[in-house]
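Chains as they are written, first to last, in my numbering: chain A, 652 to 846; chain B, 652 to 846.
Structure below.
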C-alpha cells in the first residue's frame, strides 16, 4: 500500500492561494506566482525535475469539488494527471472520462470513502491529496497523511488562503524531512507520524 | 559597510512567537519549540553549527523595546550577544553595560537613528535586526534589509504573532537564496533586492 501525500505550493507567509479565487483566477489574485518555480527554475537539462516529479509516485489523485470546478477547464483534455482523479462532492455524478488516462470519479461518501476508492485504484502507488487547502486540512486533521511536500515559494502574497490555518498543532508531528533547494523555491518533504 | 540582516525562527504556519507573550513566557505559549532546533539538531561534533553561526558576522544588534523588556532577564549577564545592542524606545535612558562585550544602548530617534548608530558601531561587520516581529516588519517595510535568514521549524504553532503579516509583498523581492537542511528545521537565507 502506498503513502498518502499532500503536495502544496505556499508562500513564505503561508498562503496556498491569493485572495478572491474565481474561475478566471483559480489561484486568486497574485496566486499564480506560487507556481512560477515550475516554469522558471529549470536546470541544465532545460527541465524542472521537481515539477516533473509531481505525481510521479502517485497512482490516484483526490481533489475537492471546488478545486474540480475551478480546475476542470484549465486542466483541459488531456488533463495533467494521467491517472484516476476522485472528486469529493455532495452531488452524485457519472464518471467523466478524459483522454490520456484521466477519469474524474465523483465520490459522495466523504474523505474515507474517497481515500478507500483512491487506494484501491492506486494499488501499490501513492495517493495524492491535491487540494484545495480546505481538503488538505481535513486530511491532515483526520490524521490520514503520511507525507507533506511543501514547495515554499520565496515570496509573500500578503492575503489569501492559509494552508495550515485552524489545524491542531498536536496533530502535525514531522519526524523526518528532506530538502531540495531551487533558486526561487525550497522543496521541503516532511514525513508525519501517523496517530 | 556590512549588511543589514534579519534572523528569525518561524513555524510552518508563519508564527515567530506563540500566543500570550508574557515575561514568564517571552516566546508565547508553545513558542519555545521554535528554538528547539538550536539545542536538538546537534551534529557529529556535538555542536549545532547553525546556532553557533547566529550573529557570527554581526558587529551590532538592534532590538525593539518590548523584546528588550522581555529578554533582558533571560539573557542574563553575560548576555549572548557579546556586542553592542541598540534598543529602540521612546524613553531616553543611560547605556546599560554588561559583562562579555554587551552594552545596551537606548535609541529614541527611531529605525534610521538606530541603524545609523548600529552601523557605526559594527564597522565592516553586519547589523542584525533581532526582533520582535513588529520591528522586523518595520525594517522590511522600510526597505532597509539586505538579507533574511529564516529558521523554518518543521512544526505548527496554530496561533501567535505572524512574522510577515501586513507587509506589502511588492517590497519583498528575494533575488538569491541558500538552503541548509537540519533534521527538524530548514535554514533559508534570502538576499533581498534593495529598493
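Glycine is no exception: its CB is placed at the ideal position from the N, C-alpha and C atoms. Owing to the predicted nature of the structure, the values given are computational and were not obtained by experimental measurement.
Rounded C-alpha distance that separates residue i from residue j
i	j	result
residue 711/A	residue 844/A	22 Å
residue 599/A	residue 653/B	There is no way to answer for residue 599/A, as the model of chain A reaches only from 652 to 846.
residue 722/B	residue 810/A	31 Å
residue 704/B	residue 660/B	14 Å
residue 656/A	residue 769/A	12 Å
residue 773/B	residue 730/A	56 Å
residue 832/A	residue 741/B	42 Å
residue 801/B	residue 745/A	48 Å
residue 834/B	residue 691/B	9 Å
residue 716/B	residue 663/B	27 Å
residue 766/B	residue 796/B	11 Å
residue 706/B	residue 778/B	9 Å
residue 680/B	residue 792/A	21 Å
residue 682/B	residue 784/A	25 Å
residue 799/A	residue 775/B	42 Å
residue 852/B	residue 658/B	The structure shown has nothing for residue 852/B, since chain B only spans 652 to 846.
residue 672/B	residue 689/B	21 Å
residue 750/A	residue 676/A	25 Å
residue 701/A	residue 771/A	27 Å
Residue of the options minimising C-alpha distance to residue i
i	options	result
residue 780/B	664/B, 666/B, 681/B and 709/B	709/B
residue 674/A	707/A, 821/A, 719/A and 808/A	719/A
residue 747/B	841/B, 728/B, 681/B and 764/B	728/B
residue 687/B	836/B, 743/B, 841/B and 700/B	836/B
residue 670/A	808/A, 824/A, 841/A and 803/A	808/A
residue 794/B	825/B, 802/B and 832/B	825/B
residue 815/B	680/B, 786/B and 745/B	786/B
residue 829/B	822/B, 823/B, 842/B and 818/B	842/B
residue 827/A	804/B, 827/B, 823/B and 818/B	804/B
residue 678/B	790/B, 762/B, 818/B and 782/B	782/B
residue 739/A	689/A, 823/A and 764/A	764/A
residue 685/B	672/B, 668/B and 701/B	668/B
Within chain B, partners of residue i - CB distance below 9 Å
i	result
residue 819/A	807 and 809
Cross-chain neighbours of residue i in chain B, by beta carbon under 7 Å
i	result
residue 795/A	Under the 7 Å cutoff, chain B gives no residues; its nearest Cβ is about 16 Å from residue 795/A.
residue 815/A	663, 664 and 807
Chain A residues whose Cβ lies nearer than 7 Å to that of residue i
i	result
residue 841/B	805
residue 825/B	805 and 806
Whether residue i touches residue j by CB criterion (8 Å)
i	j	result
residue 737/B	residue 713/B	yes
residue 788/A	residue 665/A	no
residue 759/B	residue 743/B	yes
residue 806/B	residue 846/A	no
residue 735/B	residue 756/B	yes
residue 818/B	residue 790/B	no
Short CB-CB distance (under 8 Å) between residue i and chain E
i	result
residue 748/A	Protein chains A and B are contained in the structure displayed, whereas chain E is not.
Can you list, in chain order, the residues of the region 827 to 839 of chain A whose Cβ is nearer than 7 Å to any Cβ on chain B? 828, 830, 832, 834, 837 and 839
The region 657 to 670 of chain A: which residues have C-beta closer than 7 Å to a C-beta of chain B, in chain order? 663, 664 and 665
Taking a Cβ distance cut-off of 7 Å, strictly less, list which residues of the region 770 to 791 of chain B are near chain A, in chain order. Of all residues in the region 770 to 791 of chain B, none has a Cβ within less than 7 Å of some Cβ in chain A.
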